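Each remark here refers to the structure printed beneath this line.
In our numbering, the protein residues as written are 207 to 378.
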């Protein structure tokens, strides 16, 4: 027997994203719906792109989406707000710090102020795949693959490269 059920007028494959303050964000096709921990619909947004990555910082959820429109969102109980001036990408957080890696570089995000700082510029390349991990000491670890390169790179907390390793082609 279920604890609660919600009848939603949406069709498609669902993505469930936990909200730090409880509840979930449900993304189905081009709809994003905020649900409380008791199943109450808090808000709904239409014409929304598919999720790429998400992380939480405090009581805020950062959500990155694929697509040509707005692709980085800050979400709380009141709903999503666009993060202006940045395209989405891979997200990572540790404690109160959040980071974004996209085709332009590595950014440190301040969700409270809604601001960002470019830590390390990246050459404009076509990334095939990447992942980002924020470490306890403030460093970030990046794994990426593009057409000509596969690398693992450790950035210190100022965005400088501490070390990098080329990965064998078998990781493609």
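Each residue gets a CB set at the ideal place from its N, CA and C atoms; glycine is no exception. All figures in this text were calculated on a predicted structure; none of them were measured in a lab.
How about residue i and residue j: do their beta carbons lie closer than 8 Å?
i, j, result
"residue 224", "residue 265", "no"
"residue 307", "residue 294", "no"
"residue 268", "residue 319", "no"
"residue 361", "residue 315", "no"
"residue 370", "residue 357", "yes"
"residue 251", "residue 302", "no"
"residue 231", "residue 240", "yes"
"residue 300", "residue 349", "no"
"residue 228", "residue 242", "yes"
"residue 287", "residue 272", "no"
Is it buried or exposed for residue i, if we count other Cβ within 10 angstroms and need 16 for buried?
i, result
"residue 368", "exposed"
"residue 259", "buried"
"residue 163", "What the structure shows of the chain is the stretch from 207 to 378, and residue 163 is not part of that stretch, so it cannot be assessed."
"residue 298", "buried"
"residue 289", "buried"
"residue 284", "exposed"
"residue 338", "buried"
"residue 244", "exposed"
"residue 219", "exposed"
"residue 321", "exposed"
"residue 335", "exposed"
"residue 317", "buried"
"residue 213", "exposed"
"residue 222", "exposed"
In this structure, what does DSSP give as the bridge partners for residue i?
i, result
"residue 247", "241"
"residue 300", "303"
"residue 263", "266"
"residue 223", "231"
"residue 361", "346, 367"
"residue 280", "268, 287"
"residue 353", "Paired residues: none, contrary to the question."
"residue 338", "348"
Using 8 Å as the limit for Cβ to Cβ distance, is residue i near chain B?
i, result
"residue 323", "Structure shown: chain B not included; a single protein chain is present."
Would you mind working out which of the options sits nearest residue i, comparing C-alpha positions?
i, options, result
"residue 323", "345, 285, 359, 365", "365"
"residue 291", "253, 277, 282", "277"
"residue 327", "351, 213, 309, 244", "309"
"residue 345", "214, 373, 359", "359"
"residue 211", "247, 343, 238", "247"
"residue 261", "217, 216, 282", "282"
"residue 325", "355, 216, 363, 342", "363"
Can you tell me where the beta strand (DSSP E) with residue i in it begins and where it stops?
i, result
"residue 311", "311 to 316"
"residue 287", "285 to 288"
"residue 255", "Careful: residue 255 lies outside any beta strand (DSSP E) and carries neither H nor E."
"residue 326", "321 to 327"
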